[in-house]
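Have a look at the structure below, then the notes.
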Amino acid sequence: MVTSIARQSVIIKCNLQKSVMLGNYEFYYAAGLVQKLYGLELSREQKPQELSAAILEKVDCLSPENEKEEYLLTMLKRYEPGEEFDDQMKELFVWGQKEPDLWQVTTSWHPEIET
């Protein structure tokens, strides 16, 4: 998996407000973004089902500031995570957490994480 593709996919979907999340890679990047935007207590170490439950518990209480954030939350509410979980998902979560180029498809930044 090329992690930048999962990142770009989430951003494009939020920018255009089209489509749905297609896998756990996109889901982990989106979860990291939610933590960045709203300060939820989430961890890259949470398994997919646990991470989804933590997001769903709080998502209806969040106040999106624009249509992109609103669509991000909509995609997260609709997503049903699979069982798979790997280090690239953790990397994507951190990328979302530290995203310096919010809503921009291209970036030169990439997270360095310890796995």
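In the working numbering, the protein residues as written are 7 to 121. Each residue gets a CB set at the ideal place from its N, CA and C atoms; glycine is no exception.
Asked                                                                                                                                                       : Found
Could you pull out every unbroken alpha helix (DSSP H) segment of at least 4 residues lying fully inside the region 13 to 84, listed in chain order?        : 30 to 44, 54 to 64 and 73 to 84
For cysteine 20, count neighbouring Cβ atoms within 10 angstroms of its own Cβ and tell me buried if that reaches 16, exposed if not.                       : buried
Can you grab the Cα-Cα spacing for the pair proline 87 / phenylalanine 33, in whole Å?                                                                      : 8 Å
Can you list, in chain order, the residues of its chain whose CB lies under 8 Å from that of threonine 121, leaving out five sequence neighbours each side? : Bear in mind that a pLDDT of 44 at threonine 121, under 50, signals an unreliable position, so the model cannot answer this.
Under three-state DSSP, which class holds tryptophan 101?                                                                                                   : helix
DSSP three-state call for glutamine 94: helix, strand or coil?                                                                                              : helix
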